[in-house]
Amino acid sequence: MKKQDQRQLFERIIEQHKGILFKVARAYCPDEEDRQDLIQEMMIQIWQSMHKYNDKYKISTWLYRISLNVAISFYRKSSTRAKKFTELNEQKAETLVNDKSEKEKQLILLEQFISELKEIDKALMLLYLEDKSHTEIAEIVGISVSNVGTKIGRIKDQLRTRFSQFKS
Amino acid sequence: MNELELKQLWQSTNEKLEENFVIHKKNTEDLTQVKVQSLLGSMKPTKIFALLVGFLWVSIGGYALSSIYLNSFAEANKFFLFSASIQVGLTAIALYVYVYQLIRINQVDITDPIIKTQEILSNLKMSTLWVTRILFLQLPVWTTFWWNDTMLTDWNLIQWILPVTVTALFTYASIWLFCNIKYENRKEKWFQLLFNGKEWTPLMKSMELLEQVEEYKG
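Dropping the structure here:
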């Protein structure tokens, strides 16, 4: 593929699928400033991997792999800020939960739950919430379809407990 | 709240936020102009400096020691010669591990599934432990390089007690650390104390990540 065609394809992919980058970055990098850097790093990795794209996978599978791999490895740069955010986020969740609508409360709780998950569990939860099939999740994460079911089931149990604790 | 409602809540919130998320065409174009960073370009100046010093140390040390071995072995202080040889040899091995690690990190395929990529990255990061273990192994030779033949002939037992004790302690500590600095001991108190600084955070995080990878593979 010519450089010019590759460039156009890259721009099209980014425009059409920017949501994937945004969602992954939001889940892994709550700090706004760091998130910009993370998204830029994802885009650089996508551009540099363009020649490796294998069309046996869906473009979304390929993009999720890159963006999640970059996000998980990003802790090297942003661990200090992420820690600061966790504290802020918890405070925010505590104060906001009292005076928001039921839906907003649940969203805050869900976001807090996601932020507390371990890196790979977080990837799985994100893909589950995005309604990805177990087969696609298995291709992105690199585990068997049955293992995807087991792991998601376990995370959902934790989430259920969290929501029931909140209600009571 | 049931599963469907949860997913809907998540997706609708993201949709709203995504509407405000704009990637300017100019930025995308600029990114495609960025040249692939070379291995050297992606390294921090401190790492380049450490690598240069290491290379210089091993090259100069290696050259100096080989000329002693070849030209003046008989007259040389054997304690110094053997201590320095062990030190330079171990530094060379550590340097090799370090360079190998840097090259391999740049060969990792980011488009592979998460478990595979993260396992390789974490394992590579953890090979830093090897560098630390090898460097600790040098400890005893720093206590013997100044020994000489006069000590053997002129010193009495009391004079020998201190240097031998120090060397014995350093030898014990270095062998113990060499054998015990490993992934399996990551939860031990002494291990966490030893790797407690900010510079070790990526290494400790890699261990946590490897634990998660193992959980997923198991």
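In the order they appear, the protein sequences are chains A and B.
Residues in the first sequence are numbered from 1026 upward in steps of one, following the working numbering.
Residues in the second sequence are numbered from -16 upward in steps of one, following the working numbering.
Each residue gets a CB set at the ideal place from its N, CA and C atoms; glycine is no exception.
As the structure is a computational prediction, the values presented were derived from the model and not from experiment.
The three-state reading of DSSP puts D1182/A in helix, counting H, G and I together. A direct Cα-to-Cα measurement between R1037/A and Q1070/A gives close to 16 Å. Rounded to whole angstroms, the separation of the alpha carbons of A1050/A and E1058/A is 11 Å. Using a 10 angstroms sphere on the CB of C162/B, the tally of other CB atoms stays under 16, which defines it as exposed. For the segment 1072 to 1084 of chain A, the residues whose beta carbon sits under 7 Å from a beta carbon of chain B are, in order, W1072, Q1073, S1074 and K1077. C-alpha of K9/B to C-alpha of T15/B: approximately 10 Å in a straight line. Buried is the label assigned to L1135/A, since at least 16 other Cβ atoms lie within 10 Å of its Cβ. Restricting attention to Y1053/A, A1052/A and E1040/A, the CA atom closest to the CA of V5/B is found in E1040/A. Among the residues facing chain A, E1/B is included, as its CB has a counterpart in that chain under 7 Å away. With its beta carbon at least 7 Å from every one in chain A, Y79/B lies outside the interface. For N54/B, not one C-beta of chain A is nearer than 7 Å to its own C-beta.
About 15 Å separates the CB atoms of L118/B and K165/B; that is not less than 8 Å, and the two are not in contact.
Secondary structure of Y79/B (DSSP, three-state): helix. Using a Cβ distance threshold of 7 Å, I1162/A and Y199/B do not count as a contacting pair. In this structure the segment 59 to 74 of chain B touches the segment 39 to 49 of chain B; the number of beta carbon pairs closer than 8 Å is three or more. The beta carbon of R1060/A is closer than 8 Å to those of A1050, R1051 and C1054 in its chain, skipping five residues each way along the sequence. Residue state for A151/B is assigned as helix, using DSSP reduced to three classes.
Taken through DSSP and simplified to helix, strand or coil, E171/B comes out as coil. Between the segment 140 to 156 of chain B and the segment 99 to 109 of chain B there are fewer than three C-beta pairs closer than 8 Å, too few to call the two in contact. Judged by DSSP in its simplified three-state form, L35/B adopts helix. Comparing alpha-carbon positions, the option among Q195/B, K30/B, P185/B and Q175/B lying closest to S1098/A turns out to be P185/B. Under the three-state reduction of DSSP, P28/B is assigned to helix. Residue nearest to W129/B within the set E2/B, N60/B, R87/B and S49/B is N60/B (criterion: CA-CA distance). An exposed status is given to S49/B, since fewer than 16 other beta-carbon atoms sit within 10 Å of its beta-carbon.
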